[in-house]
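Chains as they are written, first to last, in the working numbering: chain A, 38 to 780; chain B, 38 to 780. Note that beta-carbon positions come from the ideal geometry of N, C-alpha and C, so glycine has one too. Since the structure comes first, as structure tokens, the remarks are kept for the end.
Protein chains: 2
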Amino acid sequence: MTTPTPNQKIIYTLTDEAPYLATGSLLPIVRAFTSAAGVEVETSDISVAARILAAFPEKLTDDQKVPDTLAELGELTLDPNANIIKLPNISASIPQLKAAIAELQAQGYDVPNYPDEAVTEEEKAIQANYSKILGSAVNPVLRQGNSDRRAPPAVKAFARKFPHSMGKWSKASRSHADYMRGGDFFSSEQSVTMTDADEVRIEFVGQNSNVEVKKSLKLEAAEVLDSMFMSAKALDAFFERTLQECKEDGVMWSLHVKATMMKVSHPIVFGHAVRVFYREVFEKYGELFEQLGVNPNNGMASVYDKIKTLPQSQQEEIEEAIHACYEHRPEMAMVDSVKGITNLHIPSDVIVDASMPAMIRSSGQMWGRDGKIKDTKAVMPESTYARIYQEMINFCRTNGAFDPTTMGSVPNVGLMAMKAEEYGSHDKTFEMKEDGVMRVVKSDGTVLMQHNVEKGDIWRACQTKDAAVRDWVKLAVTRSRQSDTPAIFWLDAERAHDRQLRLKVEEYLKEHDTAGLDLRIMGYNRAIRTSMERMIRGKDTISVTGNVLRDYLTDLFPIMELGTSAKMLSIVPMLAGGGMYETGAGGSAPKHVQQVLEENHLRWDSLGEFLALAVSIEELGIKNDNAQAKLLAKALDAATGKLLENNKSPSRKVGELDNRGSHFYLAMYWAQELAAQTEDTALSARFAPLAKSLTENEEKIIAELSAVQGQPADIGGYYHPDMAKVDAVMRPSETLNSALSSL
Amino acid sequence: MTTPTPNQKIIYTLTDEAPYLATGSLLPIVRAFTSAAGVEVETSDISVAARILAAFPEKLTDDQKVPDTLAELGELTLDPNANIIKLPNISASIPQLKAAIAELQAQGYDVPNYPDEAVTEEEKAIQANYSKILGSAVNPVLRQGNSDRRAPPAVKAFARKFPHSMGKWSKASRSHADYMRGGDFFSSEQSVTMTDADEVRIEFVGQNSNVEVKKSLKLEAAEVLDSMFMSAKALDAFFERTLQECKEDGVMWSLHVKATMMKVSHPIVFGHAVRVFYREVFEKYGELFEQLGVNPNNGMASVYDKIKTLPQSQQEEIEEAIHACYEHRPEMAMVDSVKGITNLHIPSDVIVDASMPAMIRSSGQMWGRDGKIKDTKAVMPESTYARIYQEMINFCRTNGAFDPTTMGSVPNVGLMAMKAEEYGSHDKTFEMKEDGVMRVVKSDGTVLMQHNVEKGDIWRACQTKDAAVRDWVKLAVTRSRQSDTPAIFWLDAERAHDRQLRLKVEEYLKEHDTAGLDLRIMGYNRAIRTSMERMIRGKDTISVTGNVLRDYLTDLFPIMELGTSAKMLSIVPMLAGGGMYETGAGGSAPKHVQQVLEENHLRWDSLGEFLALAVSIEELGIKNDNAQAKLLAKALDAATGKLLENNKSPSRKVGELDNRGSHFYLAMYWAQELAAQTEDTALSARFAPLAKSLTENEEKIIAELSAVQGQPADIGGYYHPDMAKVDAVMRPSETLNSALSSL
């Protein structure tokens, strides 16, 4: 038996919602198994609640204080031995953040309220602290490498054998994607590659010629810097046009933005949509709303919330005015038609990378007010990315829905390292307070880029480090070689940023042996079209993309191919040499928690964790020359395949197998595999009794796990649940628990 | 003054319908002008009536006999000095042929009836004679070269300045093209390139193993031979599916075939559509219809025609059964909603190359039974070509209607020489009478290609001569060089024939200096998409295509760019060295004649003739070193530009300027240009008096030309009008006539 060394360690993240609950059941199993190979599994809490608590130590008692685990984990990514299993966490919108704060306060933590408008210095400090928790705050810290996402062969085989449902496409579908034809980020984008390192200034020059430095940026040599803006006037005109067209054509209207990831620009875009859709309401009550602190960027929920302080009669008047808008506006897609939650209620409810694949999978339709699915105009202001969805819609209209039983795969190699591209743009995004000029100026005074802007326009800059691009090109070549699959670099000749990247790609490709590889560079439309044409013929094509397209495509294609992106293998080979293994790119699934609370059934599928663990343990085995770890990984892969084959994944229905039952089967198959292998007899001997007891007690354990279902469950909190309660809820089978502890 | 030499001769064809009538007015003007340069303009009658008369000399009196002018003209194409102006002629369908026969018989010509079913030897001989007159019979004889079609700069400039109307496209349009996904010619296509010359046999092997030689073909070395078939069962299932889908989706159904050009295969395809749409009628009355000689390949008109012999009550019963079909079938597009003429009435009414551009120009809509335009499913069984229309529909849905004021141009270089490709397939197309094997066998017994076929399947073979391909590649390189425009060879890697062609293209391109040229090879979808993407950015792209795509694209793009294909310059640089100048690719326009008969107003626009004449006269001037001819051509080009600028093209409304008035203005401007030029004073002196008298008498002449409008006109026949009557109708201005004769 090997004794644990500091390198033989896997960090397993504790996050939020369903993945967190699932961990309560899975982690004890994993620990029981890995300890046999001397592999330690440590946890690291990066939940939104933990991050809030870590941000305000001065407000907490010593008992309540928690370390800044996210920062610690961030440092670990620079360690060549880092091995991190990263589960999905909440990318908190402001409403979600507020809910988490309220919950913590109710639990007795004296964390401050989120200040909607920060006036005092203290408020500003609080807001600044919270802004680091909002949106995609975890990934930029941890993702210190580029991205390698693909469907594991076992998962692909399963999807081909047991295909998920795909809505039939009508060739006469009216659905389409609509995007700005001018005035958006795409049309104004400028991009430069720095010759030398420099500290540049982002400046605003007002009408009075005063120069305001908005930000200074230290740039490396060969770093790419972009700037671009979206015209508020063009955006409003665009929304109005889309509404008019929907009204004329009798097509439902829907908005798809990414307010979580584009956490500064997209809530503003969302707010514009709210103001245009409910134009009469905001014209009539604008001043009152301002007094009340209504923020349309937070959706109509903000209106309903803030007017609660008004007298009943005035509330009703405003509600009537809101309803009057529906009379002359087109039908709007619903998030929850039963509860009357519209697309414009909360900015984080409809997230483009999840909502568009869902729409395309459902015959290009979304849910209407009457609970029926209907053709819809999918409004996505940024033309840069929206075009790929229109291309796919046209493709499905022409060729019918994709067929999971025959279609090929589109794995992704994504540029993500060193906060590449739009992930790093939050602190470089500004809403213009007046007309003027935004410019980027070198330290010697040279103006690198500039735009004439108007009040309300959204301007943003975005950085991409050369080393990240170089590593990305290398990863693309490696993946293309290892998987013997053609790869397409998605770089659009009409986009300023992509023209800069293309020069780098062409240069860095020369550093590799590309003989016999099929590597091409294409614009987005042609890239997705080519990939889809190959896909319906059963052929695979690696998409090599920037950061945003990485995010969008690793939902889009997996949802078509596998029915979910949660089954994708998502690896971040870190620049420093370590590895991060992400699980369940499909989000943290609030609906799942609701079902647990109501009927103690967790439908969360931990397949992503199984797959990530196998790769993580294997990598650890290779690095430490730990043969038992390698065997453990191999057995886990086989167990996962068996679990899929035997359909032991969680069901959505209460009373049937859920997440916990699925974990039991994993443990049983894993133990059986280890017991059956002959390469390491000690290992086999160690797991034989467990395999035997789990196999023999299958019926009993499943019965114990089923017995608890059907009644409400108490986990002591949503954002900050009680660990003991979670343990009790997630580990209800005494037979299973004692079998594991006997190991 | 040069005296006419045998080389100084232009052949001007006399054809049918509106172009023939227009010639009655234009030719005297042209002759008056060209005679000044010693250029003779001879006529050659290739109307369908003339071709019928030439086919049956033994039935006619000596007075009535006419020479076989088409054959004579065919021989002339082999003369390096040939210079032929070819006007549009009727590609007669069987109903049109029968009407022409009836008219000739009424005029006292004893030509035989067309035998629907030829039983006796005599009938077979008659049918064989007539089969040479049917469909596209003229072009294969005359087009002894490849095709060079483009928008003349003056015409393009005019379209940009005075854009034609374009229907707005809704992004939610339900319109689409639909085509077979299997079982059609595309999916079964096989193709071989002959190593050596050989005489091959097309054979049918029946169930009894008997071998029937359907045809022998002499093939040259390096000639490409294709074979393919369309499954009748798959075709019927396809039609049924499209009808069901339209019914479900509430979208109108329309059929677009090319029964004229694909004169053997497409009427059969059309017949299948008729039988499927009116399934119950044909199931119930099939036997009766057979007795009556109903042929669904001739459309529902054939049913209505044949049942006239039945008792009134039985006619009504059948008509009721037909109407009952409309109850459960989707709405069908109408050719004439007022008269109740449906899409399935006559196979030649809806011709894909004209109907699809018209639909795309009209917001993707066609006329419904209620006289309103509606979204429609455009059914085009052959997937080979239908895909380009779907690609354009998707493009317009996404990007809106094309904008004639800014769009670029897509000129065409078409493979057409030596009856290349599908034009030559009529005598190699067979409808299977029983199940068996169709095969192509070399003289040594080697089977080159074979297909398992079933009763009713349509099998065809198609030839492409190597010399034609070689000349086509040369023409593409020449045009790309001369116009400094990128050229795309439309060759689909998934099509067997195109793969053979591609090998040749790659080889023959090496024979030319292509340095600095942008020449690419793409599949159809990518070719049209790339061309459209360039087009909306104002860029031109030469399409280098096979024969069918030549035919389709030279309507499709011109109708978007110029509102009509009649304004295209259409040149056939013949292999032997001569030139043919085609005018008005837009067809012969039966509606125009109807208007002349009803209100003596001819809306036909002779612009195509003006443009062709200018190129024809210029070419003659160059070949004969005839400076005056060159000046005449130059002046004609300028006059045409002026005519367009001053909007002196024919109006569609009675009482306004018509074809004759437009000719007057051409004559006036042409004379003015010649009088004003200073390069040849003799020529100037000769035309000065004419310029003066036409300019001074403009009002009077226009008044004389207008005076005759508004009443019916008599031209003594439709297919075979009376020349004297046509002359009287088309030349009503005494003042103009005497001014011309004074020249």
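Reduced DSSP secondary structure (H/G/I, E/B, other) of Lys205 of chain A | Numbered from its first residue, the first sequence carries residue 205 of chain A at position 168. Note: Lys205 of chain A maps to coil in three-state DSSP.
With 16 other Cβ atoms within 10 Å as the buried cut-off, status of Leu777 of chain A | Looking up residue 777 of chain A in the first sequence gives position 740. Its Cβ being crowded by 16 or more others within 10 Å, Leu777 of chain A is buried.
Going by beta carbon distance, what residues of the same chain come within less than 7 Å of Ile738 of chain A, once the five residues before and after it are set aside?
-> Walking along the first sequence from the start, residue 738 of chain A turns up at place 701. The answer, listed in chain order, is Phe701, Ser770, Thr772 and Leu773.
Are Cys499 of chain B and Asp263 of chain B close, meaning C-beta to C-beta below 8 Å?
-> Taking the second sequence and counting its residues from 1, one reaches residue 499 of chain B at position 462. Taking the second sequence and counting its residues from 1, one reaches residue 263 of chain B at position 226. In this structure, Asp263 of chain B lies closer than 8 Å to Cys499 of chain B by Cβ.
Which of helix, strand or coil DSSP assigns to Val294 of chain A = As a first step, residue 294 of chain A is located in the first sequence; it is residue number 257 there, counting from the start. Reduced to three states, the DSSP call for Val294 of chain A is strand.
Do Ile430 of chain B and Ile388 of chain B come within 8 Å of each other at the CB atom, strictly closer than that value?
-> As a working note, residue 388 of chain B is residue 351 in the second sequence. As a working note, residue 430 of chain B is residue 393 in the second sequence. It is not a contact, given that the beta carbons lie outside the stated cut-off.
Is Trp496 of chain B helix, strand or coil when you go by DSSP?
-> For the purposes of this step, residue 496 of chain B is identified with residue 459 of the second sequence, where counting begins at 1. Correct three-state label for Trp496 of chain B: strand.
Along chain A, which residues have their Cβ under 8 Å away from the Cβ of His213 of chain B?
-> Here residue 213 of chain B is taken as the residue at index 176 of the second sequence, counted from 1. Correct list: Lys208, Ala209, Arg434 and Thr435.
Going along chain A in order, which residues have a C-beta closer than 8 Å to the C-beta of Val288 of chain B?
-> Within the second sequence, the letter at position 251 stands for residue 288 of chain B. What Val288 of chain B touches in chain A: Ala209.
Does the Cβ-Cβ distance between Val294 of chain A and Val306 of chain A come in under 8 Å?
-> As a working mapping, residue 294 of chain A is identified with position 257 in the first sequence. As a working mapping, residue 306 of chain A is identified with position 269 in the first sequence. The answer is yes: Cβ separation under 8 Å.
So with Cβ pairs under 8 Å, would you call Glu282 of chain A a contact of chain B?
-> Numbered from 1 along the first sequence, position 245 holds the residue referred to as residue 282 of chain A. Judged by the 8 Å Cβ criterion, Glu282 of chain A is in contact with chain B.
Which value, in whole angstroms, describes the spacing of the CA atoms of Pro41 of chain A and Val76 of chain A?
-> The residue labelled residue 41 of chain A in the question sits at position 4 within the first sequence. The residue labelled residue 76 of chain A in the question sits at position 39 within the first sequence. Low confidence applies here, because Pro41 of chain A scores a pLDDT of 42, under 50, leaving its location unreliable; read the following figure in that light. Their backbone Cα atoms lie some 6 Å apart in a straight line.
Just grab the DSSP bridge partners of Gln487 of chain B for me.
-> For this step, residue 487 of chain B is matched to residue 450 along the second sequence. Bridge partners of Gln487 of chain B: B:Arg476.
With Glu646 of chain B as the anchor, note down where its alpha helix (DSSP H) starts and where it stops.
-> In the second sequence, residue 646 of chain B corresponds to position 609, counting from 1. It spans Leu644 to Lys660 - the alpha helix (DSSP H) in which Glu646 of chain B sits, taken as one unbroken run.
Going along chain B in order, which residues have a C-beta closer than 8 Å to the C-beta of Asn431 of chain A?
-> Residue numbering aside, residue 431 of chain A sits at position 394 when the first sequence is read from its first letter. Simply Asn431, Arg434 and Thr435.
Flag this pair as yes or no: are the beta carbons of Leu556 of chain A and Leu546 of chain A separated by less than 8 Å?
-> For this step, residue 556 of chain A is matched to residue 519 along the first sequence. For this step, residue 546 of chain A is matched to residue 509 along the first sequence. Yes.
Opposing strand residues paired with Ala415 of chain B [DSSP bridges] = To locate residue 415 of chain B, count along the second sequence from 1; it is residue 378. Beta-bridge pairing links Ala415 of chain B to B:Ala214 and B:Ser291.
Taking C-beta pairs closer than 7 Å, name the residues in chain A that Gln427 of chain B reaches, listed in chain order.
-> Residue numbering aside, residue 427 of chain B sits at position 390 when the second sequence is read from its first letter. Those are Thr435, listed as they occur along chain A.
Name the two residues that bound the continuous beta strand (DSSP E) containing Ala265 of chain A.
-> Position 228 of the first sequence, counting from 1, holds the residue named residue 265 of chain A. The sequence shown places Met at residue 265 of chain A, rather than the Ala named in the question. Residues Val261 to Met267.
How is the beta strand (DSSP E) around Asp82 of chain A delimited, first residue to last?
-> Translated into positions along the first sequence, residue 82 of chain A becomes position 45. From DSSP, the beta strand (DSSP E) with Asp82 of chain A extends over Glu77 to Asp82.
Would Lys414 of chain A count as contacting chain B if we go by Cβ distances under 8 Å?
-> Locating residue 414 of chain A in the first sequence gives position 377, where the first residue counts as 1. Yes, Lys414 of chain A lies at the interface with chain B (some Cβ there is under 8 Å from its Cβ).
Exposed unless 16 or more other CB atoms sit within 10 angstroms - verdict on Thr60 of chain B | By one-based count along the second sequence, residue 60 of chain B stands at place 23. It is buried - the Cβ of Thr60 of chain B has at least 16 other Cβ atoms within 10 Å.
Using the Cα positions of Gly308 of chain B and Glu54 of chain B, report the straight-line distance between them to the nearest angstrom.
-> Here residue 308 of chain B refers to the residue found at position 271 when the second sequence is read from its first residue. Here residue 54 of chain B refers to the residue found at position 17 when the second sequence is read from its first residue. Spanning the two alpha carbons is a distance of roughly 27 Å.
In three-state DSSP terms, what is Met605 of chain B?
-> Mapped onto the second sequence, residue 605 of chain B falls at position 568. DSSP places Met605 of chain B in coil when its eight states are reduced to three.
Have a look at Met572 of chain A and Leu599 of chain A and give me their C-alpha separation to the nearest angstrom.
-> As a working mapping, residue 572 of chain A is identified with position 535 in the first sequence. As a working mapping, residue 599 of chain A is identified with position 562 in the first sequence. Between Met572 of chain A and Leu599 of chain A, the C-alpha separation is close to 13 Å.
Contiguous beta strand (DSSP E) assignments of at least 3 residues, all confined to the segment 112 to 167 of chain B | 120 to 123
Out of A:Gly658, A:Met760 and A:Gly482, which has the shortest C-alpha to C-alpha gap to Ala119 of chain A?
-> As a position in the first sequence, residue 119 of chain A is number 82, starting the count at 1. Answer by Cα proximity: A:Gly658.
According to DSSP, is Gly781 of chain B helix, strand or coil?
-> With chain B covering only 38 through 780, there is no way to say anything about residue 781 of chain B.
Under the three-state reduction of DSSP, which class applies to Asn176 of chain B: helix, strand or coil?
-> Numbered from its first residue, the second sequence carries residue 176 of chain B at position 139. Helix at Asn176 of chain B.
Simplified DSSP assignment, three categories, for Val447 of chain A | Position 410 of the first sequence, counted from the first residue, corresponds to residue 447 of chain A. It is coil, neither helix nor strand.
Are the Cβ atoms of Ala793 of chain A and Leu612 of chain A separated by less than 8 Å?
-> Residue 793 of chain A is absent from the model: chain A starts at 38 and stops at 780.
With burial defined as no fewer than 16 other Cβ atoms inside 10 Å of the residue's Cβ, what is the status of Ser81 of chain B: buried or exposed?
-> Here residue 81 of chain B corresponds to residue number 44 of the second sequence, with the count starting at 1. Buried, since its Cβ has 16 or more Cβ neighbours within 10 Å.
Within-8 Å CB hit, Thr39 of chain A to chain B | Residue 39 of chain A sits at position 2 when you count from the first residue of the first sequence. Low local confidence applies: a pLDDT of 41 at Thr39 of chain A is under 50, so the model's placement there is unreliable, and no value is given.
At which residue ranges does the segment 363 to 427 of chain B contain complete beta strand (DSSP E) runs of 3 or more residues, listed in the order of the chain?
-> 371 to 373, 402 to 404 and 410 to 416
Go ahead and label Thr501 of chain B buried or exposed: buried means 16 or more other beta carbons lie within 10 angstroms of its beta carbon, across all protein chains shown.
-> One-based indexing of the second sequence puts residue 501 of chain B at position 464. Thr501 of chain B should be labelled buried.
Neighbourhood of Gly753 of chain B by C-beta, 6 Å cutoff - its chain only, sequence neighbours within 5 removed | As a first step, residue 753 of chain B is located in the second sequence; it is residue number 716 there, counting from the start. These residues qualify, in order along the chain: Asp759 and Lys762.
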